[in-house]
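Structure first, then comments.
Residue numbers (our numbering): 1162 to 1229.
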């Protein structure tokens, strides 16, 4: 379930030939999952990445922490 807002934008810096920088608004192009879908009522999940186990936790303040 994707929960991002299609109108979300991020800024990307582009340099022109005269070395001036300008900020362009580009659509957010990442697959987005709801934390509810990911955690399914738990407060910690394991993520295996290249043979290492990472733990993604929801803190008491509702923030996410990723530990190796």
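Quick reminder that beta carbons are idealized off the backbone N, C-alpha and C, glycines included.
When you compare the CB positions of residue i and residue j, do they come within less than 8 Å of one another, or not?
| i | j | result |
| --- | --- | --- |
| residue 1227 | residue 1214 | no |
With DSSP run on the structure shown, which of helix, strand or coil describes residue i?
| i | result |
| --- | --- |
| residue 1199 | helix |
| residue 1207 | strand |
| residue 1214 | strand |
| residue 1194 | coil |
| residue 1227 | strand |
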